[in-house]
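Heads up: the structure comes next, in structure tokens.
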Amino acid sequence: MDGLNIPLNHVLLVSSLLFVIGLLGLMIRRNIIFILMSLEVMLNAAALAFVGAGAHWGQPDGQVVFMLILTVAAAEVAVGLGLVLQIQRRFKTLDMDHANRMGG
Amino acid sequence: MLEITLFYTAATVALIATVMAMTRANAIHALIYLIVSLLAIAVIFFLIGAPFAAALEIVIYAGAIMVLFVFVIMMLNLGDKGDRQEREWLQLKVWAGPAVLAIVLFIELLYVISTAEGPVSTTSVSAKEVGLSLFGPYVLAVEIASMLLLAGLVGSFHLGRRYLERDSFDVENSAARREAE
Amino acid sequence: MRELIWLIPLIPLLSSVTLMLSSGKFPRLLIGLLGVGSVGSAALLTLALGLDFMANPEVLQLTLWTWMQVGSFAPGVAFYFDGLTLVMMSVITGVGFLIHLFSTEFMEDDVSYARYFAYLNMFVAAMLVLVMADNLLLLYLGWEGVGVCSYLLVGFWYQNSANGQAARKAFIVTRIGDTAMALGLLLLFTELGTLNIQSMVGAANESWQVGDTLPLIACLLLLGGAVGKSAQLPLHTWLPDAMAGPTPVSALIHAATMVTAGVYLIARTHGLFLLAPTAMLVVAIIGITTSLIAAFTALMQSDIKRILAYSTISQIGYMFLALGVGAWTAGIFHLMTHAFFKALLFLGSGAIIHCLHHEHNIFKMGGLRSKMPVTFWSFMIGSAALAALPMTSGFFSKDQILLEAYQFPDIGPWLWFAGLCGALLTAMYSFRLVFVVFFGQVKTKPDKDTGWRMALPLSVLCGLSLVGGYFIIPVESVFPMSTGTHPAHWVEYVSISVPLVGLLLAYLIFQSGQLRVDGLVNSAIGKIMRQFWLSGWGIDWLYERLFVRPYYAFASLLKAEPVDAVYGLVVTFNEALNGWLSQSQTGRMRWYITSMVAGLVVLVAVALQLSPEAI
């Protein structure tokens with residue numbers, strides 16, 4: 000409004016940080032619930048970057064992509080949580096390091 | 000000025016909440032932190048002129064998706080034993096390698112975004128414009144997204160069925176069981 | 000009558016096939032009757048044919064059927080019969096019959112009696128096809144046929160692996176010559192368009208001049224085959240080893256008939272060789288060199304059969320000398336007389352070996368004169384003929400060769416002189432054999448004397464060796480007349496006297512002991528020379544190092560499949576890569592995710608590096 004607007008690269012910085020934190024969580028957690036949460040965080044970070052960029056140009060496209068990401072997140076969580084239930088029933092654990100029957 | 004203050008506050012909250020969410024041993028605690036993070040991001044959306052996205056973030060993300068998580072966690076009923084297990088898994092040696100990789104990636108991202116300049120427009124993009132875009136140039140993407148949701152629906156329905164609990168995905172067996180049911 | 004000529008090779012062939020199919024189930028008498036009778040009837044037919052030919056010397060050409068037809072190439076199974084063929088057929092069937100008869104006693108204790116006669120009959124059939132062939136392809140069929148039979152018979156006692164080794168050596172070494180001959184055949188066919196010998200020679204005379212390159216090459220290639228088959232330098236090494244076969248086989252194949260096939264081939268294609276004087280010179284030089292080398296070697300041997308083998312090589316060298324100087328008739332004449340006396344000597348040695356428990360070393364024999372009179376006289380007559388003592392058959396033929404060699408332009412006297420040296424050596428080694436084996440003390444007692452089936456062939460061959468020189472072979476229409484004048488009389492006197500000198504030397508050294516050579520032999524140089532000559536001038540040694548070992552080394556190198564190893568490297572590399580990559584497939588999701596992130600980090604870094612302007 001008066002030249003003290005939010006800088007785009009700060010928005011992107013926040014987005015990057017969130018993404019990296021999510022990625023870190025994805026790499027270190029063994030519980031599949033946390034893995035799914037980390038994925039949510041990463042999707043959110045990506046969504047933030049899109050919305051920020053869309054706002055920078057004053058266009059709705061960023062939000063459109065946000066909605067698509069939302070869709071993907073919803074579908075992924077639905078399927079992923081279904082898998083969580085099956086894994087718990089089959090392996091009696093949520094530790095993904097134990098579900099390694101595909102190991103070579 | 001207020002907006003800038005609010006942005007940095009919300010960003011800080013989001014980051015801290017996310018870090019907390021990632022490091023919790025208890026799934027429910029982590030989930031609460033995650034919801035806080037999502038709400039903070041919703042505030043950021045609002046601040047950078049995307050009120051519709053902010054609303055969706057709260058309604059769908061913090062609402063619907065997180066509720067799904069809560070349901071599942073409650074169904075699994077992990078308890079204290081799970082918490083102890085999680086703490087054991089969060090050792091420093093588990094952190095070290097992935098942390099280095101993540102930091103390197105972050106530096107690369109920093110290098111990439113360092114050239115992004117200029118402010119974020121504060122004029123909000125209304126839901127109407129978004130809607131027009133969605134059903135205008137992006138209509139094909141919407142169709143695909145709806146297909147994806149349908150597939151997710153079918154997939155989760157299939158995965159959630161109880162007979163998969165038993166040992167086999169075998170078609171004949173499942174058919175026989177279906178008859179028995 | 001003459002149209003029945005095809006029966007002559009057919010009878011032994013049928014007998015051979017019958018014996019092969021009998022799988023040793025026939026009684027011995029029947030086997031003997033079949034084996035000897037088939038060759039005997041072939042000999043009778045040949046005799047009748049010969050008489051007919053004498054009365055009416057007319058060339059016969061008989062085409063039985065067309066063998067194959069490929070474009071203009073249509074060799075027939077056709078026989079050509081003239082004086083040369085008759086001489087060869089007589090030798091093959093006549094001497095062959097006597098040797099077959101001899102074999103029935105020699106092989107009487109052998110378990111593979113039927114197999115032996117099957118091979119021997121097949122050999123006779125193949126040899127007859129060789130000499131009767133109308134075209135070079137059919138001749139080549141017979142040529143290879145006798146090669147196979149030679150292989151089978153040298154390795155007849157195959158239970159001893161050394162015999163198999165000798166058989167393979169004989170087969171492979173002659174095969175080297177045969178390859179050259181096959182190339183010669185191909186060259187002749189491409190250049191002249193026919194393999195029929197008569198029309199080929201005619202065409203060659205029309206299209207080629209004397210001294211052209213093409214006839215030279217063709218003749219040298221044919222000579223390659225002849226050299227291999229007739230055991231001349233440089234392919235002579237197989238013949239001494241081929242003595243591993245039964246002794247009658249050595250008499251038939253490796254003395255009388257097969258080894259003279261090379262001589263026959265050159266005589267048969269003499270029309271071509273006349274177009275290539277250089278090739279003829281090569282033939283003469285090969286002949287005389289081989290003759291001398293083999294004679295020296297024969298002088299040192301102690302194995303009775305190896306002495307005879309080297310002497311065979313030496314005598315065939317004389318035949319080559321004769322062919323080389325254009326003394327075709329003399330060459331063929333020597334072929335015939337040599338067949339008589341060398342078969343006699345081999346059969347005689349066979350009788351000794353048979354009666355002395357397979358003893359081969361002449362220094363373990365001795366004083367056999369009174370124990371085995373028939374054999375003794377056989378050896379006396381055979382050696383006299385071999386040494387070309389006057390009035391024996393060998394005298395006439397060898398003398399003729401030497402005289403014609405003397406008249407050869409330019410180097411004639413030298414050839415003659417070398418031939419004389421060979422004759423001297425021949426007399427020495429042949430009578431050395433006689434003196435050592437039949438005189439002196441008895442060292443090994445024979446347990447039996449020869450039976451009639453051995454004595455009869457020996458006696459007949461004795462007669463032939465004595466009077467064979469008076470035969471007139473009917474080849475004057477086959478070969479051009481020799482145009483030389485008669486040389487000075489002293490040449491003839493020297494030629495006659497040299498074998499007598501050799502005989503005298505042999506007597507003084509090996510019998511009376513008046514000429515002491517121990518000092519000479521035991522001196523340093525003498526020992527080396529003796530060893531050198533004993534080993535056949537080290538040629539086997541040289542070939543072993545020059546060809547056999549490198550070949551084995553090469554073969555063992557290829558056995559390891561070096562080319563495959565290169566492709567094997569690809570496999571090994573892929574397997575290693577596969578093993579290495581499958582290590583990474585742990586089934587742990589965090590490991591996968593971390594790997595993906597690492598890859599992402601690298602890719603982003605690379606992308607930034609490659610296109611910094613894109614950001």
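Listed in order, the protein sequences are those of chains A, B and C. The numbers in numbering that gives the first Met the number 0 rise by one with no breaks, and the one at position 71 of the first sequence is 70. The numbers in numbering that gives the first Met the number 0 rise by one with no breaks, and the one at position 146 of the second sequence is 145. The numbers in numbering that gives the first Met the number 0 rise by one with no breaks, and the one at position 246 of the third sequence is 245. Just so you know, even glycine gets a beta-carbon here, dropped at the ideal spot from N, CA and C.
Backbone CA spacing between residue i and residue j [nearest angstrom]
i, j, result
"E116 (chain B)", "A52 (chain A)", "11 Å"
"M364 (chain C)", "G349 (chain C)", "14 Å"
"P11 (chain C)", "A124 (chain C)", "6 Å"
"A33 (chain B)", "L23 (chain A)", "One point to set straight first is that residue 33 (chain B) is Leu, not Ala, in the sequence displayed. Cα to Cα, L33 (chain B) sits roughly 15 Å from L23 (chain A)."
"Q314 (chain C)", "V262 (chain C)", "11 Å"
"R529 (chain C)", "I495 (chain C)", "28 Å"
"F168 (chain B)", "D94 (chain A)", "Confidence in F168 (chain B) is poor, its pLDDT being 48 and thus under 50, which makes the residue's placement unreliable; the coordinate value appears in the next sentence. Answer to the nearest angstrom: the Cα atoms are 22 Å apart."
"W536 (chain C)", "I527 (chain C)", "11 Å"
"R89 (chain A)", "V119 (chain B)", "49 Å"
"G411 (chain C)", "G227 (chain C)", "26 Å"
"F156 (chain B)", "Q608 (chain C)", "46 Å"
"F49 (chain A)", "G57 (chain A)", "12 Å"
"V78 (chain A)", "F572 (chain C)", "41 Å"
"R1 (chain C)", "V433 (chain C)", "44 Å"
"L131 (chain B)", "L67 (chain A)", "15 Å"
"D409 (chain C)", "L334 (chain C)", "26 Å"
"F45 (chain B)", "A29 (chain B)", "24 Å"
Those residues which DSSP pairs with residue i across a bridge
i, result
"Y694 (chain C)", "Since the first residue shown for chain C is 0 and the last is 614, residue 694 (chain C) is missing from the structure and cannot be characterised."
"N360 (chain C)", "C:D302"
"P120 (chain A)", "Chain A is shown from 0 up to 103; residue 120 (chain A) falls before or after that span and cannot be answered."
"D94 (chain A)", "A:N30"
"T65 (chain C)", "C:G75"
"N195 (chain C)", "C:N134"
Test item: CB-CB of residue i and residue j under 9 Å
i, j, result
"L346 (chain C)", "L119 (chain C)", "no"
"G23 (chain C)", "R167 (chain C)", "no"
"L271 (chain C)", "L385 (chain C)", "no"
"V497 (chain C)", "L423 (chain C)", "yes"
"G223 (chain C)", "V282 (chain C)", "no"
"F80 (chain C)", "M126 (chain C)", "no"
"T103 (chain C)", "R452 (chain C)", "yes"
"L232 (chain C)", "T288 (chain C)", "yes"
"A225 (chain C)", "A260 (chain C)", "yes"
"A326 (chain C)", "A404 (chain C)", "yes"
"T45 (chain C)", "T92 (chain C)", "yes"
"I20 (chain A)", "R28 (chain A)", "no"
"L220 (chain C)", "M180 (chain C)", "yes"
"I5 (chain A)", "A26 (chain B)", "no"
"A254 (chain C)", "H337 (chain C)", "yes"
"I59 (chain B)", "A73 (chain A)", "yes"
"V71 (chain A)", "A52 (chain B)", "no"
"I312 (chain C)", "L238 (chain C)", "yes"
"G366 (chain C)", "G439 (chain C)", "yes"
"S36 (chain B)", "A63 (chain B)", "no"
"V153 (chain C)", "L234 (chain C)", "no"
"L151 (chain C)", "W142 (chain C)", "no"
(request) Could you name the residues of the stretch 92-107 of chain B whose beta carbon sits closer than 8 Å to any beta carbon of chain C, in the order they occur along the chain? (result) G96, P97, L100, A101, V103, L104, E107
(message) Taking beta-carbon pairs under 9 Å, can you tell me which members of the stretch 14-33 of chain B lie near chain A?
(response) Hits within the stretch, in order: L14, T17, V18, A20, M21, T22, R23, A26, A29, L30, L33.
(request) Could you please tell me which residues of the stretch 64-78 of chain B, in chain order, have their CB closer than 9 Å to any CB of chain A? (result) Hits within the stretch, in order: I64, M65, L67, F68, F70, V71, I72, M74, L75, L77.
(request) Anything in the stretch 577-601 of chain C with a Cβ closer than 9 Å to a Cβ of chain B? List those residues in chain order, please. (result) R589, I592, T593, V596, A597, L599, V600
(message) Output needed in chain order: residues of the stretch 76-102 of chain A with a Cβ under 7 Å from some Cβ in chain B.
(response) V76, A77, V78, L80, G81, L82, V83, L84, Q85, Q87, R88
(request) Count the C-beta pairs between the stretch 145-152 of chain C and the stretch 199-213 of chain C that are closer than 8 Å, then say yes if the count reaches three, no if not. (result) no
(request) Please determine if the stretch 381-397 of chain C and the stretch 449-466 of chain C are in contact, where contact requires at least 3 C-beta pairs separated by less than 8 Å. (result) Enough Cβ pairs lie closer than 8 Å, so yes.
(message) Short of 7 Å Cβ to Cβ, which residues in the stretch 19-36 of chain A face chain C?
(response) L22, L25, M26, R29
(request) Please list the residues of the stretch 52-68 of chain A that have a C-beta atom closer than 9 Å to any C-beta atom in chain B, keeping them in chain order. (result) Those residues of the stretch 52-68 of chain A that come within reach of chain B (Cβ to Cβ, closer than 9 Å) are A52, G53, A54, H55, W56, G57, Q58, P59, D60, G61, Q62, V63, V64, F65, M66, L67.
(message) Contact between the stretch 355-371 of chain C and the stretch 464-477 of chain C is defined here as three or more beta-carbon pairs at a separation below 8 Å; is this criterion met?
(response) At 8 Å Cβ cutoff, the stretches do not touch.
(message) For the pair the stretch 124-132 of chain B and the stretch 58-66 of chain A, tell me if three or more CB-CB distances fall below 8 Å.
(response) Counting C-beta pairs with one atom in each stretch, the stretch 124-132 of chain B and the stretch 58-66 of chain A have three or more that are closer than 8 Å, which means they touch.
(request) Note down, in chain order, all residues in the stretch 36-60 of chain B with a beta-carbon under 9 Å from any beta-carbon belonging to chain C. (result) none
(message) If the cut-off is 7 Å on Cβ atoms, which residues from the stretch 125-145 of chain B count as contacting chain A, listed in chain order?
(response) E128, V129, S132, L133, Y137, A140, A144
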